[in-house]
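Per the UniProt record's numbering, residue 1 is the first one in the sequence shown, and the count goes up by one each step.
Glycine is no exception: its CB is placed at the ideal position from the N, C-alpha and C atoms.
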Amino acid sequence: MDPLTISLLSPLVSAAKPLIGSGAIGYTLYRLFQNQTPYDHLKQYVRHVHIMGINGSGKTTKALEIARSILSDVRRPGLLWIDTHGESSWDLVKLVPENRWQDVIWFDPQADRVVGFNPLQMPSGADAEAVQSLITGDLVDLLSDLYGAKGWGENIEEYIMNATLALLEYSQQTQTPVTLLDVPRFMLDSQFYRTVMDHIDNVVVRDMWEDFFKNRTENAAQKELDRAKRKLRKPLASSFVLETLCQPEGGLIPEKAIEEGKIVIARLTRNPLGSVNQRLLAGMLTSRFIQAGLSRKPERQGGENNKFFYLFLDEFQSYMKALGDSVEEGLAQLRKYRVGIFLIHQGLFQLEGKPFLRAAVDQTATKFLFTVDTKDGGTIEKYLGVTPEQKKNKQGYTAARMTGFPQLRTLHVWSTPQGRHMKEQTVEYPKPIRTDEEARQLVEWSITQYGEERWKVKEYLRTVFQKDLKTNYDGVIIDVDVKEGKGESQIETERERPADTWITGPFPLHGDLTDS
């Protein structure tokens, strides 16, 4: 032991000498540290984390490092990992501990087997009315975001919202699962409409639909509803999306995944999904997992045994901008339910015009700041409390220093009841524990466990389309990518030619996506 340590400990040893020989078998330095709160990374992370830096600076590497530490914890926490580029999902699979591989749910809409995710599936035991409102509100917000202000009107929003609310109440009352396909069916099939309405107690929803049909001729009503039905064409035009979202009971149920501590790895690549479908799927996953987290028992009201769960949201600003209310409530409330959010992106400049997202990153208790974009240098300098004198003397974390950080160098900033702390560190890529082939085998096992063979899903949808929607489904791939203000572009794949039959049934092709 070095002399400095001996000099520091000698007073403590002297104080403990009377205990020696009196039956004590040893002594500790417990009282020296009894007023220090042990650092628990799981509890710190449920206060939410912000990871920011330019491309290639080390954000994903740090996120993977944290994910590995979370999954290695003996408390077996779970997580949702949204990968919008297609690479980090495979990296994460290679880091899953050996004792956790059975918890992996691989969610990739283009995989050979389809892991279904029904955003309208009602959780059991939840406050039905509150959950129905949350699910409906987020769905309408996500759809309106796809079209923009020009392509969305109040009437369309009212029709889709009240159709969805009616279906969710019908599902809850009859224990019958519903999917997004039932929304146009509710507007198209008079018999199904009457069946659903027989189970509706919500006075607002009932009055809206009764007044709607009472004050219009059949042709006028159908013409108005056609416009609303067309708005569902875009999200369901891709077979990848349709076959994933329209299974009544899929393998991915957010409430179950959170309670069981599952490792949900969502690989949502722009090619071949397209940016619209990518945003829609990522937004729906985020929305439903936030809702699932909020449906748990709070930690101080019987939820002290809840498993910790974390949402890793890469490029969150691209698909969370429509979820203002959910994000705001989620950041404020989720920590009580042991659910934390990781917000990962390039810079604050991406949040301009999105005040609730900017407020969201400001609420995070932990930040990892990598190389900062020059647009954000001044803001970060102010946040880190650099004084004019420090800036003059080139001390502290000035804008110049933060924009010049080397790759894989990060400033770790975290808040505790004792105050704010900062530590500069270098990030190292976590060493994989399995090979590429072993990762592939794990993914194959996961989609076999939680997914359904694609041909069976297509057969199911053919039955639904013929029986309920009075049209055909050929199960072809239609990639849709719509740029705001530039209308619709449907890209046919080389190996398959899309058939118009099912689209012209419940989703007429006439008109423009931007009409309202």
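- Message: Would the stretch 164-175 count as touching the stretch 335-352 if we require 3 or more Cβ pairs under 8 Å?
- Response: no
- Query: From residue 232 to residue 160, what distance separates their C-alpha atoms?
  - Reply: 9 Å
- 6 Å CB neighbourhood of residue 222 in its chain, flanking five on each side removed: none
- Item | Beta-carbon proximity of residue 371 to residue 45, cut-off 8 Å | no
- Task: Return the residue from the list 208, 405 and 198 that minimises the CA-CA distance to residue 155.
- Result: 208
- When you compare only the Cα positions, how much space is there between residue 302 and residue 129? 22 Å
- Query: Three-state secondary structure (DSSP) at residue 152?
  - Reply: coil
- Neighbour-count burial assignment, residue 238, 16 or more Cβ in a 10 Å radius: buried
- Return the Cβ separation of residue 407 and residue 56 in integer angstroms, given the expectation that the two are a contact with Cβ distance under 8 Å. 7 Å
- In chain order, what residues of the same chain lie with their CB nearer than 6 Å to the CB of residue 360, ignoring the 5 residues before and after it? 327 and 331
- Hey, is residue 416 close to the ligand NAD, as in C-beta under 7 Å from one of its heavy atoms? In the structure on display, the ligand NAD does not appear, and there are no ligands present to speak of.
- Would you grab the beta carbon distance between residue 94 and residue 433 for me? Rounded to a whole angstrom, and I think it's under 8 Å. 7 Å
- DSSP three-state assignment for residue 282, whether helix, strand or coil: helix
- Message: Which runs of the alpha helix (DSSP H) at least 4 residues long sit entirely within the stretch 48-99? Give them in chain order.
- Response: 59-71 and 88-93
- Query: With respect to the beta strand (DSSP E) encompassing residue 340, which residues constitute its N-terminal and C-terminal limits?
  - Reply: 339-345
- At which residues does the alpha helix (DSSP H) containing residue 422 begin and terminate? Where residue 422 is concerned, there is no enclosing alpha helix (DSSP H), although the beta strand (DSSP E) it sits in stretches over 419-426.
- Query: Using CA coordinates, which residue listed in 338, 59, 111 and 284 is at the minimum distance from residue 322?
  - Reply: 284
- Task: Pick out whichever of 263, 313, 54 and 333 has its Cα sitting closest to the Cα of residue 295.
- Result: 333
- Message: Measuring CB atoms only, is the stretch 248-261 touching the stretch 278-292, in the sense that at least three cross pairs come out at less than 8 Å?
- Response: yes
- With DSSP collapsed to three states, give me the class of residue 41. helix
- C-alpha gap between residue 248 and residue 86, whole angstroms: 27 Å
- Message: So, does the stretch 433-444 touch the stretch 88-108, judging by three or more C-beta pairs under 8 Å?
- Response: yes
- Task: Name the residue from 78, 267, 70 and 115 whose alpha carbon lies nearest to the alpha carbon of residue 103.
- Result: 78
- What residue range is occupied by the uninterrupted beta strand (DSSP E) comprising residue 366? 366-369
- Message: In chain order, what are the residue ranges of uninterrupted alpha helix (DSSP H) at least 4 long that sit wholly in the stretch 147-202?
- Response: 154-174, 182-188 and 190-197
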